[in-house]
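Enquirer: For the sequence shown, numbering that gives the first Met the number 0 begins at 0 and goes up steadily by one.
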Amino acid sequence: MTDTELARRLEKLERDNRRLKRLSGAGLALIVTAAVAYAVSCSSTPKTVDIRSSSGKITAREFDVVDSSGKVRAQIAVNCTAAAGCQPQIQLFDQNGQPRTSISAGKLTVSGGKEEASLLGGHLQFRAGPKGGSPRVTAELGSGSAGGGLLSLSGSGTSSIRVDSNSPGVEIEDSQGYIMNLGAVDLTTVNSGQTSPTTADSIVMFANDKEHHLIWRVP
Numbered sequence: 000m001t002d003t004e005l006a007r008r009l010e011k012l013e014r015d016n017r018r019l020k021r022l023s024g025a026g027l028a029l030i031v032t033a034a035v036a037y038a039v040s041c042s043s044t045p046k047t048v049d050i051r052s053s054s055g056k057i058t059a060r061e062f063d064v065v066d067s068s069g070k071v072r073a074q075i076a077v078n079c080t081a082a083a084g085c086q087p088q089i090q091l092f093d094q095n096g097q098p099r100t101s102i103s104a105g106k107l108t109v110s111g112g113k114e115e116a117s118l119l120g121g122h123l124q125f126r127a128g129p130k131g132g133s134p135r136v137t138a139e140l141g142s143g144s145a146g147g148g149l150l151s152l153s154g155s156g157t158s159s160i161r162v163d164s165n166s167p168g169v170e171i172e173d174s175q176g177y178i179m180n181l182g183a184v185d186l187t188t189v190n191s192g193q194t195s196p197t198t199a200d201s202i203v204m205f206a207n208d209k210e211h212h213l214i215w216r217v218p
């Protein structure tokens with residue numbers, strides 16, 4: 000091989016090397032551009048996920064767990080309403096998309112379709128009736144007067160039974176508005192306006208007028 004041929008081959012090799020470098024640079028620039036464009040598009044999406052390896056956090060507005068058909072079966076989100084403001088909430092859904100269990104700030108609700116039970120801060124409430132309508136039965140267990148225990152049972156109308164352990168006493172009201180108290184109850188004298196409690200062995204009945212006037216008592 001002569002010196003001329005060797006020089007020609009070296010020159011061709013250098014041209015090929017420069018061409019390869021230009022192609023590699025263009026490919027790398029294309030990859031970087033695509034990565035930047037993808038990052039920008041993700042940051043502009045309403046539901047974003049921010050994974051920070053340094054802090055070990057995943058930040059998102061909503062997290063959905065779906066089944067094999069794509070239906071949302073569990074959801075962790077912050078729900079905002081005009082009345083309650085923004086509250087964190089965890090919901091579990093059945094196969095029809097109906098909420099069955101809901102956990103929010105200060106409230107736990109478990110629904111069985113027509114029946115619903117709620118733990119609301121200081122008391123437990125059970126409601127049975129059509130969804131979104133007036134309940135047929137409402138039962139509450141919580142704190143009564145002066146911190147004593149209270150059990151309340153209510154029907155679809157105005158009839159109700161209340162048991163207050165602090166008084167102690169049982170109050171029964173029918174659908175017509177008549178009230179009977181078994182046990183201690185505060186009675187107000189009409190003339191003097193003074194209030195005096197009865198004893199636990201008392202039975203007191205009140206009329207169904209607006210003031211609930213006393214109609215019978217013993218002793």
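All residues carry an ideal CB built from backbone N, CA and C; glycine is no exception.
All values derive from a computational prediction rather than experimental measurement.
1. What does DSSP give as the partner residues of P196 in its beta bridges?
2. For S142, collect the residues of the same chain with a Cβ closer than 8 Å to its Cβ; drop the 5 residues on either side in sequence, then sort them by chain order.
3. Comparing C-alpha positions only, which one of T100, F62, Q86 sits nearest to F92?
4. With G96 as the anchor, note down where its beta strand (DSSP E) starts and where it stops.
5. How long is the line joining the alpha carbons of L152 and I57, rounded to whole angstroms?
6. Do you know how far the Cα of W215 is from the Cα of Q193?
7. Anyone know if the C-beta pair for L181 and L213 falls short of 8 Å?
8. Going by beta carbon distance, what residues of the same chain come within less than 8 Å of F205, once the five residues before and after it are set aside?
9. From Q86, G111, K106, pick the residue whose C-alpha is nearest to that of N95; which is it?
10. Who are the Cβ neighbours of Q90 in its own chain at under 6 Å, not counting the five residues just before and after it?
11. Write down the C-beta distance between S237 and Q124 rounded to the nearest angstrom, noting that I regard them as a contact closer than 8 Å.
12. Tell me, which residues are paired with S153 by DSSP?
13. According to DSSP, is A206 part of a helix, a strand, or is it coil?
14. Between R135 and S155, is the Cβ-Cβ spacing less than 8 Å?
15. Please classify N165: does DSSP put it in a helix, a strand, or coil?
16. Please state whether DSSP places G69 in a helix, a strand or coil.
17. What did DSSP end up calling Q175 once you bin it into helix, strand or coil?
18. If you count every other CB in all the chains shown that lies within 10 Å of the CB of S166, and 16 or more means buried, which is it?
19. Drop a sphere of 10 angstroms on the beta-carbon of V162, count the other beta-carbons inside from all chains shown, and report buried for 16 or more, exposed for fewer.
20. If we count the other Cβ atoms within 10 Å of its Cβ and call it buried at 16 or more, is V65 buried or exposed?
Expert: On the basis of the supplied data:
1. By 1-based counting over the sequence shown, the position of residue 196 is 197. As computed with DSSP, P196 is found in a beta bridge with D185.
2. Taking the first residue of the sequence shown as position 1, residue 142 is located at position 143. Closer than 8 Å at Cβ, skipping near neighbours: G121, H122, G148, L149.
3. As a position in the sequence shown, residue 92 is number 93, starting the count at 1. When each option's Cα is compared against that of F92, the closest is T100.
4. As a first step, residue 96 must be located in the sequence shown, where it is residue number 97. Neither: G96 is in no beta strand (DSSP E) and is coded neither H nor E.
5. Counting from one through the sequence shown, the residue named residue 152 turns up at place 153. Counting from one through the sequence shown, the residue named residue 57 turns up at place 58. Distance between the alpha carbons of L152 and I57 is about 45 Å.
6. The residue given as residue 193 occupies position 194 in the sequence shown. The residue given as residue 215 occupies position 216 in the sequence shown. So the alpha carbons of these two residues sit roughly 19 Å apart.
7. For the purposes of this step, residue 181 is identified with residue 182 of the sequence shown, where counting begins at 1. For the purposes of this step, residue 213 is identified with residue 214 of the sequence shown, where counting begins at 1. For L181 and L213, no; Cβs fall outside 8 Å.
8. Looking up residue 205 in the sequence shown gives position 206. Answer for F205: Y177, I178, M179, N180, H211, H212, L213, I214, listed in chain order.
9. On the sequence shown, residue 95 is found 96 positions in, with the first residue counted as 1. If we check each option's Cα against that of N95, G111 comes out closest.
10. Numbered from its first residue, the sequence shown carries residue 90 at position 91. So the qualifying residues of the chain are Q74, P98, S101.
11. There is simply no residue 237 to check, as the chain begins at 0 and stops at 218 in what is shown.
12. Counting from 1 along the sequence shown, the entry for residue 153 is found at position 154. Note: S153 sits in a beta bridge opposite T137, S159.
13. Sequence index remark: in the sequence shown, residue 206 carries index 207 (1-based). DSSP places A206 outside both helix and strand once states are collapsed to three, so it counts as coil.
14. Along the sequence shown, read from residue 1 onward, the residue named residue 135 stands at position 136. Along the sequence shown, read from residue 1 onward, the residue named residue 155 stands at position 156. Contact: yes.
15. Translated into the one-based positions of the sequence shown, residue 165 becomes position 166. DSSP, read as helix, strand or coil, puts N165 in coil.
16. The residue given as residue 69 occupies position 70 in the sequence shown. The answer is coil: DSSP assigns G69 none of H, G, I, E or B.
17. Your numbering for residue 175 matches position 176 in the sequence shown. The answer is coil: DSSP assigns Q175 none of H, G, I, E or B.
18. Sequence index remark: in the sequence shown, residue 166 carries index 167 (1-based). Under this definition S166 is a buried residue.
19. Looking up residue 162 in the sequence shown gives position 163. Result: buried.
20. Here residue 65 refers to the residue found at position 66 when the sequence shown is read from its first residue. Its Cβ having fewer than 16 others within 10 Å, V65 is exposed.
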